[in-house]
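Here is the structure we will look at, set down as structure tokens.
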Amino acid sequence: QYNMKGEVPLDPDFVLPIGKAEIKKEGKDVTVVTYGRMLERVMKAAEEVKEAEGVEVEVVDLRTLSPLDKDTVIESVKKTGKVLLVNDAHKTGGFIGEVAATIAESDAFDYLDGRILRLAGEDVPIPYNQALETAMIPSVDRIKKYILRLVNNR
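Each residue of the sequence shown is one higher than the one before, counting from 328 in the working numbering.
What follows is the structure in structure tokens.
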């Protein structure tokens, strides 16, 4: 899962802005907040639900967790009124719960049209076997199901 290949900045002085999330995909129907290796799966799920269902997903890549870019998350949630938080860490005690609390404690809560949903890794020991590890973390299909649950208010 970690052997992904992609483009990297050629500028030797490039520095990732600490504490600044990035909107990877603009959307109006639902916000999906993620980070790390889940970004690739979330982007794929967002494209697939747009093609199949016409759902426009806004994807927020946190990029760094501390400091957390609360403003970008909150503004996106206010824009769409629906939010799914996705990560591959355990659901219990995972950082994405802090993001949920940030939303719940902000004025973005008043803009929500439904509950805050979290999709995370299963609360089991992380297996060494690649097939078992893949089964315990959110798949593209599970991400799509959660997006549609929010959009359809289920």
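Every residue gets a Cβ at the ideal spot worked out from N, C-alpha and C, and that includes glycine.
Query: Proximal residues to Thr419 (C-beta, below 8 Å), its chain only, five neighbours per side dropped; Result: Asp450
Query: Nearest-angstrom beta carbon gap, Ala372 and Ile470 [assumed within contact, 8 Å]; Result: 4 Å
Query: Cβ shell of Glu460 (< 6 Å), same chain only, five flanking positions each side left out; Result: Pro454
Query: Length-filtered (4 minimum) alpha helix (DSSP H) runs lying within the segment 400-450; Result: 423-431
Query: Bounding residues of the beta strand (DSSP E) (the contiguous stretch that carries Thr358); Result: Val357 to Thr361
Query: DSSP-derived helix/strand/coil call for Asp340; Result: coil
Query: Nearest-angstrom Cα separation, counted from Ala447 out to Met365; Result: 10 Å
Query: Backbone secondary structure at Ile350 - three-state DSSP; Result: strand
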